[in-house]
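Chemist: Taken in order, these protein sequences are the chains called G and S. Note that our numbering has the first sequence beginning at 1, numbered continuously upward. Note that our numbering has the second sequence beginning at 1001, numbered continuously upward. I have a structure here, written as structure tokens, and I will follow up with some questions on it.
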Amino acid sequence: MDKQQEIELVTNCQHGDKKALDTLVRLLEKSVYNAAYRMLGNPDEAADVTQTTFLKVFENIGGFNPKFRLFSWTYRIALNESIDQLKRRERTKPLEHMPISDTDSPQETVALSQLSDEVQSTLMELKEEHRSVIVLRYFSDCSYEDIGRILQLPEKTVKSRLFSARQQLKNKLNQHGVYSS
Amino acid sequence: MTNDRAMQLVSAAVDGELDADEQAELEQLLESSAEAREFKQDLEQLDSLLGGLPELDPPEPLHDRIMAQAPSQAAQGKSSILSWLRLPPLGSGMRYALAGTGMRYALAATSGAIIAAIFLGSQSLIPATTDISDLVGTMAPNNAAVDANTLDSFAFHEGGLDSLIRLVRRDNNYLLDIQVEAAKPLDITVDMTGAGVHTDAIAQIDSKFELIAISNQTLQLRALGQQRLTILLRRVDDEVFPEDASISLEFSSDGKLLQRGELRPTW
């Protein structure tokens, strides 16, 4: 979708066009869910975060300036919601390794490969700030500029943070034998 | 690796984020440094590993659940907050209690079971969710007012206390629509135990309800004046609707049971 189409979509959503809202959700739902899942490592929480993200989008679309990118704004909400969810989780129990195979959802379990499980477990060992940049870069296919906009960081910081995050991920994957350099 | 600068250059190159000057710098570096070449290969391997992971499909009902939050056209112009209140996952017992300013009606009545209480004051909530605009009807209690989407309805009418409760199908969803017009506080209890559905979300609410307590399969509310509450229901997973499924209703006021009733839907 080009910028002009996106502006039209946002404008229609702002006028309460339900079809436009549906299009918006279809456009971003899967990627938001995937980003949330990679941040949280739990499919049920990822679904909740995705739902809350779109609730906030619906609530605030009226004030959204279409000159900004819709996906950046939506991702920003999703990442913040994911981080809030992690904090809630920390308050209720110690943050621990949460392999995907532990999930109650057989549907998800079947869908994910063992490799994906291993990578996800390793991702969960990274600090949130590092996980965020990895998720946006690798699972949401964002540019440095996009990541900067979403996380509200200067591009230079994105670059250095991504560099550190990648090094850590690489080392941890190495330690787990998932990846060898 | 020669230095951090070199590593960052390689890193940015793998991300396709180099400008022309940096690209030239990197090419020089790669020619002269085996370590830089190895590092680049290393990152490309990581890139390919992560990039090759499967994209997950969101659970099937998620889209419907999200769209159930979408504001109706009529509500769009209003200020928006709390337009839709999602209920927590199943299995948490009594899940929400919403109370207005006149919270005399004891939360203790549902005490141990309540896990969350939200005080809404006099703030109005925005009607939202699946399009329920065509559900708005008169308060004339009339069991005959059943359209093709209405699975069943029950009307209560006694001395200044009126209520119309309808169970309506909307696409793959079910809505329990409760309308009340009460000259004095009217208590309504809805019990869905064994009916093959559970509460999923508050689709529309008027916060002037003095108390709303919702669990997976029960709902208690106290209403005064003209009020309306619409609850989104979901099927209990994989459960075939029981043939004799019924949703039981109780209407009381001043602690006195006035009438019992039930909805007997043909799902």
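Heads up, the beta-carbon is just placed ideally off N, CA and C, and yes, glycines get one too.
Are there 16 or more other CB atoms within 10 angstroms of the CB of K1184 of chain S, so buried, or fewer, so exposed?
Modeler: The sequence position of residue 1184 of chain S within the second sequence is 184, counting from 1. By the 10 Å Cβ count, K1184 of chain S comes out exposed.
Chemist: Quick check: is the beta carbon of L1009 of chain S nearer than 8 Å to any beta carbon in chain G?
Modeler: Residue numbering aside, residue 1009 of chain S sits at position 9 when the second sequence is read from its first letter. By this cut-off, L1009 of chain S is not an interface position.
Chemist: Kindly indicate the opening and closing residues of the beta strand (DSSP E) around P1185 of chain S.
Modeler: If you number the second sequence from 1, residue 1185 of chain S lands on position 185. N1173 to D1191 is the span of the beta strand (DSSP E), which, as asked, contains P1185 of chain S.
Chemist: Can you tell me the Cβ-Cβ gap for L1224 of chain S and I1212 of chain S, rounded? I've got them flagged as a contact below 8 Å.
Modeler: Reading the second sequence from its first residue, position 224 is the one you call residue 1224 of chain S. Reading the second sequence from its first residue, position 212 is the one you call residue 1212 of chain S. Between I1212 of chain S and L1224 of chain S the Cβ distance is about 13 Å, and since that is not below 8 Å, they are no contact.
Chemist: Taking buried to mean at least 16 other C-beta atoms within 10 Å of its own C-beta, is K1040 of chain S buried or exposed?
Modeler: Reading the second sequence from its first residue, position 40 is the one you call residue 1040 of chain S. Counting Cβ neighbours within 10 Å, K1040 of chain S comes out buried, since at least 16 surround it.
Chemist: If you measure beta-carbon to beta-carbon, which residues of the stretch 1057 to 1073 of chain S are closer than 8 Å to chain G?
Modeler: So the close ones are D1057, P1058, P1059, L1062, H1063, R1065, I1066, M1067, Q1069, A1070, P1071, S1072 and Q1073.
Chemist: For a cutoff of 8 Å on Cβ pairs, would you count L1050 of chain S as touching chain G?
Modeler: Walking along the second sequence from the start, residue 1050 of chain S turns up at place 50. Yes, its Cβ sits closer than 8 Å to a Cβ of chain G.
Chemist: Tell me whether the stretch 54 to 67 of chain G and the stretch 144 to 155 of chain G touch, counting them as touching only if at least three CB pairs, one residue from each stretch, are closer than 8 Å.
Modeler: Taking 8 Å as the limit for Cβ pairs, the verdict is that the stretch 144 to 155 of chain G does not touch the stretch 54 to 67 of chain G.
Chemist: Looking at C-alpha atoms only, which residue of G:D44, G:S121 and G:L86 is the closest neighbour of L173 of chain G?
Modeler: Along the first sequence, read from residue 1 onward, the residue named residue 173 of chain G stands at position 173. Of the candidates G:D44, G:S121 and G:L86, the one whose C-alpha sits nearest the C-alpha of L173 of chain G is G:S121.
Chemist: Would you tell me roughly how many angstroms separate the C-alpha atoms of M1007 of chain S and N171 of chain G, rounded to the nearest one?
Modeler: As a position in the second sequence, residue 1007 of chain S is number 7, starting the count at 1. As a position in the first sequence, residue 171 of chain G is number 171, starting the count at 1. Each residue's Cα considered, the two are about 15 Å apart.
Chemist: Which term fits P43 of chain G, buried or exposed, when burial requires 16 or more other beta carbons within 10 angstroms of its beta carbon?
Modeler: The count along the first sequence starts at 1 and reaches residue 43 of chain G at position 43. Looking at its Cβ environment, which holds 16 or more other Cβ atoms inside 10 Å, P43 of chain G is buried.
Chemist: Three or more C-beta pairs closer than 8 Å, one from the stretch 1042 to 1058 of chain S and one from the stretch 29 to 37 of chain G: is that the case here?
Modeler: Touching, per the Cβ criterion.
Chemist: Is the beta carbon of R76 of chain G sitting closer than 8 Å to the one on I150 of chain G?
Modeler: On the first sequence, residue 76 of chain G is found 76 positions in, with the first residue counted as 1. On the first sequence, residue 150 of chain G is found 150 positions in, with the first residue counted as 1. Against a cut-off of 8 Å, the Cβ pair of I150 of chain G and R76 of chain G comes out as a contact.
Chemist: Kindly indicate if chain B contains any beta-carbon less than 8 Å away from that of L1046 of chain S.
Modeler: Of the chains in the structure shown, none is chain B; the protein chains are G and S.
Chemist: Over what stretch of residues does the alpha helix (DSSP H) that includes L1161 of chain S continue unbroken?
Modeler: The residue labelled residue 1161 of chain S in the question sits at position 161 within the second sequence. Where L1161 of chain S is concerned, there is no enclosing alpha helix (DSSP H), although the beta strand (DSSP E) it sits in stretches over L1161 to R1170.
Chemist: Is A1013 of chain S buried or exposed, if buried means 16 or more other CB atoms sit within 10 Å of its CB?
Modeler: Your numbering for residue 1013 of chain S matches position 13 in the second sequence. It is buried - the Cβ of A1013 of chain S has at least 16 other Cβ atoms within 10 Å.
Chemist: Counting only beta-carbon atoms, is F71 of chain G nearer than 8 Å to chain S?
Modeler: Taking the first residue of the first sequence as position 1, residue 71 of chain G is located at position 71. So, not an interface residue.
Chemist: For P1265 of chain S, return the contacting residues in chain G, with the cut-off set at a CB-CB distance below 9 Å.
Modeler: Residue 1265 of chain S sits at position 265 when you count from the first residue of the second sequence. None at all; the shortest Cβ gap to chain G is about 27 Å.
Chemist: Which value, in whole angstroms, describes the spacing of the CA atoms of D8 of chain G and R26 of chain G?
Modeler: As a first step, residue 8 of chain G is located in the first sequence; it is residue number 8 there, counting from the start. As a first step, residue 26 of chain G is located in the first sequence; it is residue number 26 there, counting from the start. Here the sequence assigns Glu to residue 8 of chain G, which means Asp is not the residue at that position. If you take the alpha carbons of E8 of chain G and R26 of chain G, they lie about 16 Å apart.
Chemist: Tell me which residue opens and which closes the beta strand (DSSP E) that D1152 of chain S is part of.
Modeler: Position 152 of the second sequence, counted from the start, is the residue given in the question as residue 1152 of chain S. Start and end: T1150 to E1158.
Chemist: Compute the Euclidean distance between the alpha carbons of M124 of chain G and R38 of chain G, then round it to the nearest angstrom.
Modeler: Locating residue 124 of chain G in the first sequence gives position 124, counting from the first residue. Locating residue 38 of chain G in the first sequence gives position 38, counting from the first residue. Cα to Cα, the separation comes out at about 8 Å.
Chemist: Taking Cβ positions, are I1202 of chain S and F54 of chain G nearer each other than 8 Å?
Modeler: The residue given as residue 1202 of chain S occupies position 202 in the second sequence. The residue given as residue 54 of chain G occupies position 54 in the first sequence. No, the Cβ-Cβ distance between I1202 of chain S and F54 of chain G is not below 8 Å.
Chemist: D1200 of chain S by DSSP, collapsed to three states: which one?
Modeler: For the purposes of this step, residue 1200 of chain S is identified with residue 200 of the second sequence, where counting begins at 1. Looking at D1200 of chain S - three-state DSSP - the assignment turns out to be strand.
Chemist: Determine the chain G residues that contact A1012 of chain S at a beta-carbon separation under 7 Å, and present them in chain order.
Modeler: Along the second sequence, one-based indexing puts residue 1012 of chain S at 12. K159, listed in chain order.
Chemist: When the Cα atoms are used, what is the spatial distance from I100 of chain G to L1053 of chain S?
Modeler: The residue labelled residue 100 of chain G in the question sits at position 100 within the first sequence. The residue labelled residue 1053 of chain S in the question sits at position 53 within the second sequence. In this prediction, I100 of chain G has a pLDDT of 43, which is less than 50 and means its spatial position is unreliable; what the coordinates show is noted afterwards. Approximately 14 Å between the Cα atoms of the pair.
Chemist: When the Cα atoms are used, what is the spatial distance from G1261 of chain S to D1244 of chain S?
Modeler: As a position in the second sequence, residue 1261 of chain S is number 261, starting the count at 1. As a position in the second sequence, residue 1244 of chain S is number 244, starting the count at 1. So the alpha carbons of these two residues sit roughly 15 Å apart.
Chemist: Hey, would you say F163 of chain G sits closer than 8 Å to S1011 of chain S, going by beta carbons?
Modeler: The residue labelled residue 163 of chain G in the question sits at position 163 within the first sequence. The residue labelled residue 1011 of chain S in the question sits at position 11 within the second sequence. Yes, they are a contact pair.
Chemist: Select from S:V1168, S:Q1045, S:R1170 and S:Q1227 the residue whose C-alpha is nearest the C-alpha of L1161 of chain S.
Modeler: Within the second sequence, the letter at position 161 stands for residue 1161 of chain S. The residue with the shortest Cα to Cα distance from L1161 of chain S is S:Q1227.
Chemist: Under 8 Å by Cβ, that's how I've got L86 of chain G and E128 of chain G pegged, so tell me the actual separation to the nearest angstrom.
Modeler: Counting from 1 along the first sequence, the entry for residue 86 of chain G is found at position 86. Counting from 1 along the first sequence, the entry for residue 128 of chain G is found at position 128. Yes, they are in contact, since the Cβ atoms of L86 of chain G and E128 of chain G sit about 6 Å apart, within 8 Å.
Chemist: Per DSSP, what kind of secondary structure is R76 of chain G in: helix, strand or coil?
Modeler: By one-based count along the first sequence, residue 76 of chain G stands at place 76. Helix, per DSSP.
Chemist: Under 8 Å between beta-carbons, which chain S residues line up against E29 of chain G? List them in chain order, please.
Modeler: Taking the first sequence and counting its residues from 1, the one referred to as residue 29 of chain G is at position 29. Chain S residues near E29 of chain G: P1058, L1062, H1063 and I1066.
Chemist: By Cβ distance, which residues of its chain are closer than 7 Å to R1234 of chain S, with the 5 residues on each side in sequence left out?
Modeler: Walking along the second sequence from the start, residue 1234 of chain S turns up at place 234. Answer for R1234 of chain S: V1197, H1198 and D1200, listed in chain order.
Chemist: At the level of alpha carbons, what is the spacing between R137 of chain G and T23 of chain G?
Modeler: Sequence index remark: in the first sequence, residue 137 of chain G carries index 137 (1-based). Sequence index remark: in the first sequence, residue 23 of chain G carries index 23 (1-based). Each residue's Cα considered, the two are about 24 Å apart.
Chemist: Does the beta-carbon distance from L1186 of chain S to L1176 of chain S come in below 8 Å?
Modeler: One-based indexing of the second sequence puts residue 1186 of chain S at position 186. One-based indexing of the second sequence puts residue 1176 of chain S at position 176. No; because the gap between Cβ atoms is not below 8 Å, this pair is not in contact.
Chemist: For a contact meaning CB atoms closer than 9 Å, what does S82 of chain G contact in chain S?
Modeler: To locate residue 82 of chain G, count along the first sequence from 1; it is residue 82. Near S82 of chain G there are no residues of chain S at all, since even the closest Cβ is about 14 Å away, more than 9 Å.
Chemist: Are the stretch 14 to 23 of chain G and the stretch 1043 to 1053 of chain S in contact at 8 Å, needing three or more beta carbon pairs?
Modeler: Result no; under three Cβ-Cβ pairs closer than 8 Å.
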